[in-house]
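Participant: Residue 357 is where the sequence shown starts when you use this note's numbering, and the numbers rise one by one after that.
Would you mind keeping the following structure in view while I ask a few things?
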Amino acid sequence: MFIDDRSFHRIQRLPPYVFKEVDDLKMQARRRGEDIVDLGMGNPDRPTPDPVVQKLVEAVAKPKNHRYSVSRGIHKLRRGITRWYEERFGVSLDPETEACAVMGAKEGLSHLVMATLAPGDVAFVPNPTYPIHSYSVILSDGDLRTIPLGAGGDEFIERLEQAVKTVWPRPKLVILNFPHNPTTGVVDLGFFERMVAFCREYRIMLIHDLAYADICFDGYRAPSVLQVPGAKELAVEFVSLSKGYNMAGWRVGFCVGNPQMVNALVRIKSYLDYGMFQPIQIAAIIALEHADEITREVSRVYQRRRDKLVNGLNRAGWPLERPRATMYAWAPIPEPFQHLGSLEFAKLVLKEAKVAVSPGVGFGQFGDDHVRFALVENEHRILQAVHGIRDMMRRCAG
Ligand SMILES: Cc1ncc(COP(=O)(O)O)c(C=O)c1O
357 MFIDDRSFHR IQRLPPYVFK EVDDLKMQAR RRGEDIVDLG MGNPDRPTPD
407 PVVQKLVEAV AKPKNHRYSV SRGIHKLRRG ITRWYEERFG VSLDPETEAC
457 AVMGAKEGLS HLVMATLAPG DVAFVPNPTY PIHSYSVILS DGDLRTIPLG
507 AGGDEFIERL EQAVKTVWPR PKLVILNFPH NPTTGVVDLG FFERMVAFCR
557 EYRIMLIHDL AYADICFDGY RAPSVLQVPG AKELAVEFVS LSKGYNMAGW
607 RVGFCVGNPQ MVNALVRIKS YLDYGMFQPI QIAAIIALEH ADEITREVSR
657 VYQRRRDKLV NGLNRAGWPL ERPRATMYAW APIPEPFQHL GSLEFAKLVL
707 KEAKVAVSPG VGFGQFGDDH VRFALVENEH RILQAVHGIR DMMRRCAG
């Protein structure tokens with residue numbers, strides 16, 4: 357045997373996946389016949405809206421759609437996303453040079469980082485964060501620096517500024533995501549104004565992942581970084597149809613903004629793929645055309661689930677804040693269990709309450725005092741989870 361997997365350079369840089377431990381335990385419990393309420397992974401449970409599915413069926417029957425498509429996305433789809441930006445944010449984008457379709461924000465973001473970072477280039481990412489934001493830098497042999505997200509906002513920008521002043525070589529990239537997974541933190545446009553000014557001053561590229569643009573509650577509307585005048589000089593934004601349109605398995609998203617960065621992504625993708633299956637692109641255009649009605653309904657469902665979970669846990673003696681966006685709740689581990697850390701606590705919740713949650717440490721060490729609930733089961737099941745947790749807290753904490 358001459359193949360030694362310890363010599364697989366990029367694979368060696370990837371640590372074991374923390375979420376897998378809880379996931380394996382969940383599978384074992386289910387095999388034993390236990391009824392586990394799964395609020396672990398952010399995998400939407402609701403069906404893709406009917407007009408989108410119907411369009412896919414119609415398009416799939418046409419042989420001309422069976423050929424290789426275009427890696428950057430067909431023109432009409434790119435036009436669809438630029439219209440969406442115009443209507444939603446009043447932001448004008450050129451579908452030819454400032455928009456690229458991607459097979460989900462995760463694929464696009466990691467390939468963009470690969471296309472733009474040289475080995476050793478410094479990139480800043482908040483901690484905790486959605487894992488690919490860090491691992492895209494690691495997979496590109498970049499020099500990953502994490503900044504505690506803390507309360508976000510100005511506090512985060514100050515920390516970033518301190519870090520930028522002390523690091524050499526100067527950082528090349530910052531990756532942000534608001535509304536934020538996992539903390540559910542949100543920002544206003546003023547935050548992006550300060551970030552764009554900051555990135556301009558220090559000549560840093562900015563990638564903003566707006567995966568939760570469409571899931572907002574209580575009148576909150578998530579801003580786009582591209583609403584800031586001049587943001588296009590240094591920033592791109594990723595949008596995903598996975599969450600707001602219940603299309604996670606379809607793998608559709610977009611990268612828009614700075615033409616040089618978009619072009620880098622278009623170029624690297626032209627070497628790697630032939631584009632999404634064309635019927636999916638055609639159906640995605642319909643999703644964007646019906647954006648308002650689809651996302652209003654999706655947000656309504658998550659908001660009701662949020663209220664069931666937050667009210668229920670608060671009543672059970674587990675205080676947590678009501679998120680203003682995303683499909684998650686970010687819950688500080690209750691005092692009697694804090695010594696366990698998030699992984700052991702998540703295992704306890706699985707064993708004692710029959711509820712799967714994500715340990716915060718999976719998103720970075722500064723997440724270790726929290727667990728994340730994904731609102732991906734119906735209200736009835738969420739109430740079942742709340743009852744299981746309430747009983748667990750009585751038994752184990754008392
Ligand atoms: C912040 C963030 N970005 C991207 C993704 C993945 O998006 P996509 O399905 O478009 O790859 C997720 C999924 O959980 C996410 O939370």
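Don't be surprised by glycine CBs; every beta carbon is placed ideally from N, CA and C.
Computed from a predicted model, the values in this text were never measured in an experiment.
According to DSSP, is Met561 helix, strand or coil?
Facilitator: Strand, per DSSP.
Participant: Do you know offhand how far Thr522's Cα is from Leu468's?
Facilitator: Going by the C-alpha atoms only, they are around 26 angstroms apart.
Participant: Find out if the Cβ-Cβ distance for the pair Ala310, Pro527 is shorter than 8 angstroms.
Facilitator: Since the first residue shown for the chain is 357 and the last is 754, residue 310 is missing from the structure and cannot be characterised.
Participant: Relative to ligand 1, what is the chain-ordered list of residues with a Cβ closer than 5 angstroms to any of its non-hydrogen atoms?
Facilitator: Listed by chain position, these are Gly398, Gly460, Ala461, Lys462, Tyr486, Asn533, Asn537, Asp565, Ala567, Ser596, Ser598 and Gly609.
Participant: By Cβ distance below 6 angstroms, which residues in the same chain neighbour Val705 in space, the five residues on each side in sequence not counted?
Facilitator: So the list reads Val711 and Val713, once near-sequence residues are dropped.
Participant: Which residue's Cα is closest to the Cα of Phe633: Gly744, Val416 and Arg402?
Facilitator: Closest by alpha carbon: Val416.
Participant: Tell me which same chain residues have a C-beta within less than 7 angstroms of the C-beta of Asp317, skipping the five on either side of it?
Facilitator: No answer is possible for residue 317: it lies beyond the span of the chain, which begins at 357 and ends at 754.
Participant: Flag this pair as yes or no: are the beta carbons of Asn734 and Ala604 separated by less than 8 angstroms?
Facilitator: Not a contact, by the Cβ cut-off of 8 angstroms.
Participant: With a threshold of 16 other CB atoms inside 10 Å of the CB of Asp380, please say whether the residue is buried or exposed.
Facilitator: It counts as exposed.
Participant: Sorted by chain position, which residues of the same chain lie with C-beta nearer than 8 angstroms to His576's C-beta, five sequence neighbours on each side aside?
Facilitator: Note that residue 576 is Tyr in the sequence shown, not His. The residues are Val542, Arg680 and Ala681.
Participant: If we count the other Cβ atoms within 10 Å of its Cβ and call it buried at 16 or more, is Ile437 buried or exposed?
Facilitator: So Ile437 ends up on the buried side.
Participant: Just verifying my parser: in three-state terms, what is the DSSP assignment at Val732?
Facilitator: Looking at Val732 - three-state DSSP - the assignment turns out to be coil, as it is neither helix nor strand.
Participant: How big is the Cα-Cα spacing for Ile531 and Leu370?
Facilitator: The straight-line gap from Cα to Cα measures roughly 19 angstroms.
Participant: Name the DSSP bridge partner or partners of Ile503?
Facilitator: Answer by DSSP bridge pairing, in chain order: Pro482.
Participant: Should Lys420 be labelled buried (16 or more other beta-carbon atoms within 10 Å of its own) or exposed?
Facilitator: Lys420 should be labelled exposed.
Participant: Can you pull the DSSP bridge partners for Tyr684?
Facilitator: Note: Tyr684 sits in a beta bridge opposite Ala730.
Participant: Give the range of the alpha helix (DSSP H) segment to which Phe375 is assigned.
Facilitator: Segment Val374 to Arg387, the alpha helix (DSSP H) holding Phe375.
Participant: Express the C-alpha separation of Gln721 and Val520 in angstroms, rounding to a whole number.
Facilitator: Computed Cα separation, rounded: 21 angstroms.
Participant: Looking at Pro690 and Met749, is the spacing between their C-beta atoms short of 8 angstroms?
Facilitator: Result yes, Cβ atoms of Met749 and Pro690 sit closer than 8 angstroms.
Participant: Taking DSSP as the reference, what is the three-state secondary structure of Asp747?
Facilitator: In the structure shown, Asp747 sits in a helix (DSSP, three-state: H, G or I).
Participant: How long is the line joining the alpha carbons of Val552 and Ile563, rounded to whole angstroms?
Facilitator: About 11 angstroms.
Participant: If you follow the alpha helix (DSSP H) that Glu454 is part of, which residue opens it and which one closes it?
Facilitator: Glu454 -> no alpha helix (DSSP H), and no H or E assigned at all.
Participant: Run the CB neighbour count on Ile367, radius 10 Å, all protein chains shown included, and call it buried at 16 or more, exposed below.
Facilitator: Ile367 is exposed by the Cβ-count criterion.
Participant: Can you list the beta strand (DSSP E) stretches of 3 or more residues lying completely in the region 601 to 686, in chain order?
Facilitator: List check, beta strand (DSSP E) in window: 609 to 613.
Participant: Give me the DSSP bridge partner(s) of Ala712.
Facilitator: Answer is Asp394.
Participant: Out of Val732, Ser466 and Arg559, point me to the one whose CA is closest to Arg402's CA.
Facilitator: Closest option to Arg402, Cα to Cα, is Val732.
Participant: Decide if Ile359 is buried, meaning its Cβ has at least 16 other Cβ atoms within 10 Å, or exposed.
Facilitator: The residue in question, Ile359, is exposed, as its Cβ has fewer than 16 Cβ neighbours within 10 Å.
Participant: Rounded to the nearest angstrom, what separates Ile745 and Pro484 at their Cα positions?
Facilitator: Taking the straight line joining both Cα atoms gives about 25 angstroms.
Participant: Sorted by chain position, which residues of the same chain lie with C-beta nearer than 7 angstroms to Tyr630's C-beta, five sequence neighbours on each side aside?
Facilitator: Correct list, in chain order: Tyr424, Ser425 and Ser427.
Participant: With distances taken Cα to Cα, identify the nearest neighbour of Val657 among Phe534, Val584, Met683 and Ile638.
Facilitator: Minimum Cα distance to Val657 is reached at Met683.
Participant: Is it true that the CB of Val654 sits closer than 8 angstroms to the CB of Gly460?
Facilitator: No, they are not a contact pair.
Participant: Nearest to Arg559 by alpha carbon, out of Ala567, Pro535, Leu566 and Ala587?
Facilitator: Arg559 has its Cα closest to that of Ala587, out of Ala567, Pro535, Leu566 and Ala587.
Participant: In the DSSP assignment, find the alpha helix (DSSP H) that holds Ala702 and state where it starts and stops.
Facilitator: Counting along the chain, the alpha helix (DSSP H) containing Ala702 begins and ends at Gly697 to Leu704.
Participant: How would you write the range of the alpha helix (DSSP H) that Glu589 sits in, first residue to last?
Facilitator: Careful: Glu589 lies outside any alpha helix (DSSP H) and carries neither H nor E.
Participant: For the structure I just gave you, are there three or more beta carbon pairs, one from the region 589 to 598 and one from the region 606 to 622, closer than 8 angstroms?
Facilitator: A contact exists between the region 589 to 598 and the region 606 to 622.
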